[in-house]
């Protein structure tokens, strides 16, 4: 599996990963409201690294570098459990300065376990306009 900086030409595949992964895992959300172009709106001003295998985009991580913040980490359902998430997380941490932070929806139990297994610590649980989420930190 190769990790590289995404190019604009990757956007169609990245949109698909973002849509399919959310539809598959976000059981608490209204999936009918999810659209392909959500990716463009939700990753403005972010650096995107992608994982690819056999010329297919397996997943991506989007980074907001000024805050050492991981905004998104999504893996296509076809690649669940194949190491793409771990590789992307490692690449993101390597690209930024520690501590690195992220937010994870509290209901997303699989993601919470994934982050904790990979050395992330829960800092505080908050709630805003949407679902409650944990702020997590990696040092």
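Residue numbers (the UniProt record's numbering): 1 to 139.
The beta-carbon is built from N, C-alpha and C at its ideal position, and this holds for glycine as well.
Since this is a predicted model, take the numbers as computed values, not measurements.
Contact between the region 43–60 and the region 73–86 is present: 3 or more CB-CB pairs across the two stretches fall below 8 angstroms. Between residue 78 and the set 59, 109, 38, the nearest pair of CA atoms involves 59.
The DSSP-derived three-state label of residue 62 is strand. In the three-state reduction of the DSSP assignment, residue 112 falls in the helix class. The closest CA to that of residue 40, considering only 104, 12, 92, 139, is found on 12. Scanning its chain for C-beta atoms nearer than 7 angstroms, with the 5 sequence neighbours on each side dropped, one finds around residue 139 the residues 98, 99, in chain order. By the Cβ-count criterion, residue 118 is exposed, with fewer than 16 other Cβ atoms from all chains shown falling within 10 Å of its own Cβ. Nearest C-alpha to residue 92 among 67, 24, 125: 67. Collapsing the DSSP output to three states places residue 11 in a helix.
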